[in-house]
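**Student:** The structure that follows is given in the form of structure tokens.
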Amino acid sequence: MRRVHRGLSAILLASLCAFATGSVAQEASPPTFASHLAQAISPLEVNPDGLSGAGALILSQAVAASRYVLIGESHHTREIPAFTTQVCRLMAPAGLTAMAIETGPEAARVVDAAMRSQDREARIADFVRGHPDGVAFFNARDEVRTAGDCAVAAGPKFQLWGLDQEFLGSSGHLLQEMLAAKPGPGARAALTGLAEQDRKMTAAALASGSPFDFFLLSAKQDDLDQAAAAVARDGGARVRYLFGLLTETRAIYQASKARQGDPNGRRARLMKRTLAAHLADKPGARVLLKFGAYHVYKSINPLDQRDLGAYVAERADGEGVTALHIMVAGAKGSEGGYAGVGRPLSVKAFDMKDDKDPDWRKDVALARAADAAPGSWMLVDLRALRAKGLKSAPPEWRELALGYDIAILAPTFTATSVLGVDPPRAP
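As numbered in this note's numbering, residues 1022 to 1448 make up the sequence shown, in order.
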């Protein structure tokens, strides 16, 4: 009996060892990143009358819990403005103070003044004809429509806040506004001379299509320095402010053209200061921010900059509130691109499958459910990925998950069109 007992003990011990070895093997093979990703993806339907699908619930709950909602985009599409309208409608019931946009403060004032009008597209078109390239991005038909839709949803106190430098062709409008502010005789004489130069240079830029012919990039520094001295003497507060916008915009574009200094950093710091001033004026404001994707990273972005998104993330932490960072990208389709002064946008086709580099969009497309509707968007909850750890994540996913909270992939993008420019002539 003792041998039997020993034999049973040996068998039991061997079984325990085998069980323990199997447990260690299981512990040594944690779930893969692909399995975590599959669990973080939900379908999202984006329609003119609202959002639906499992992703809609995730998005609506995240938006409801946030004071700041940031959309990182590809420019010149029709789909992202339509999506932005739906985010406005999610935010509006709990209060939406403003939408901060990637255009200059004075250009934003122009769009803000037009956005509640029935003829808002015609008004923006007229402005653009008078001041080619005077507005960045919100000269696009779909962006103007979204501004109006957001104003309707948010109510009469809703505002557009332009945080960026003014655009390439803005100098004529800025000089016009300076003269309308009734400066003293010295400043008026200097500004009148600059305005005449601007008219000639704008005509040259329209003829050539080159933004380098605009006043902001071709005016002589001596002329600007003399005008600055006159403005300082008797320009008045409004004129000094506007002249400061003009010179800061010129400095950023010149540094970018020369590839010297730190134009991206200077631009980011300008946007942060402008946003801080708005928030100081409206404490507790609830804001939707819509900018190019690199600007909205909550971490250091791929240009190695701490841009606007990083500032908002830190500010929200300090205020004890939440900032929600949303990346919106497209799987394929077409996007618009700048094609020159007074020209319609160029239209470029793209397909993520043609990109040879690692791309998070490919992984999301591969994870798409076979029974998903053809027009369904895909929402990735990056917060869930961060919660499970990013050690096994590919580099592109780690960068994305540290920079954003939610990533959304649209199946198709369509290029928008701009207002106030003549369509291309038939050959």
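All residues carry an ideal CB built from backbone N, CA and C; glycine is no exception.
1) Taking C-beta to C-beta, are T1098 and T1167 nearer than 8 Å?
2) Quick check on the burial criterion: 16 or more other C-beta atoms within 10 angstroms. Buried or exposed for S1056?
3) Quick one: Cα of D1380 to Cα of G1305, how far?
4) Give the straight-line distance between the Cα atoms of R1280 and G1256, rounded to the nearest whole angstrom.
5) Please state whether the Cβ-Cβ distance between S1355 and V1342 is less than 8 Å.
6) Could you please give the first and the last residue of the uninterrupted beta strand (DSSP E) stretch that includes Q1180?
7) Between the Cα of H1316 and those of Q1139, G1424, R1261, L1400, spot the shortest distance and give me the residue it belongs to.
8) Note the first and the last residue of the continuous beta strand (DSSP E) segment covering F1312.
9) Is T1118 near K1303, with beta carbons less than 8 Å apart?
10) Smallest Cα separation from D1426: which of Y1318, D1443, D1244?
11) Suppose the cutoff is 6 Å on Cβ atoms and the five residues either side in sequence are ignored; what does the same chain contact list for G1116 look like?
12) Taking R1404 as the reference, which of L1058, T1053, P1052 has the closest Cα?
13) Are the CB atoms of L1238 and M1120 within a distance shorter than 8 Å?
14) Measure the alpha-carbon distance for R1419 versus L1406 and round it to whole angstroms.
15) So, are the CB atoms of A1253 and A1211 less than 8 Å apart?
16) May I have the straight-line CA-CA distance separating A1297 from R1290, to the nearest angstrom?
17) Any beta-carbon of chain B closer than 8 Å to the one on S1081?
18) Can you tell me the Cβ-Cβ gap for N1160 and V1333, rounded? I've got them flagged as a contact below 8 Å.
19) Span of the alpha helix (DSSP H) holding P1450?
20) Pick out the complete beta strand (DSSP E) segments inside the region 1321 to 1367, 3 residues or longer, and give them in chain order.
21) What are the boundary residues of the beta strand (DSSP E) that G1093 is part of?
22) Compute the Euclidean distance between the alpha carbons of L1324 and E1417, then round it to the nearest angstrom.
23) Taking only the alpha-carbon atoms, compute the straight-line gap between P1153 and G1176 and give it to the nearest angstrom.
24) Straight-line CA distance for G1074 to A1428?
25) Which residue or residues does DSSP assign as beta-bridge partners of T1106?
26) Which word fits E1335, buried or exposed, when buried means at least 16 other C-beta atoms lie within 10 angstroms of its C-beta?
27) Could you check what DSSP says for A1431 in three-state terms: helix, strand or coil?
28) Under three-state DSSP, which class holds S1073?
29) Count the other C-beta atoms from every protein chain shown that fall within 10 angstroms of the C-beta of P1052, then say buried if there are 16 or more, exposed otherwise.
30) Is L1400 helix, strand or coil when you go by DSSP?
**Tutor:** Considering the structure as presented:
1) no
2) exposed
3) 37 Å
4) 33 Å
5) no
6) 1180 to 1183
7) G1424
8) 1308 to 1313
9) yes
10) Y1318
11) R1307
12) L1058
13) no
14) 9 Å
15) no
16) 11 Å
17) Considering every chain present, this structure includes no chain B. It has just one protein chain.
18) So it is not a contact: roughly 26 Å between Cβ atoms.
19) The displayed coordinates of the chain run from 1022 to 1448. Any statement about residue 1450 would go beyond what the structure contains.
20) 1344 to 1351, 1353 to 1358
21) 1089 to 1094
22) 14 Å
23) 31 Å
24) 16 Å
25) Note: T1106 sits in no beta bridge, so no partner.
26) exposed
27) strand
28) strand
29) exposed
30) strand
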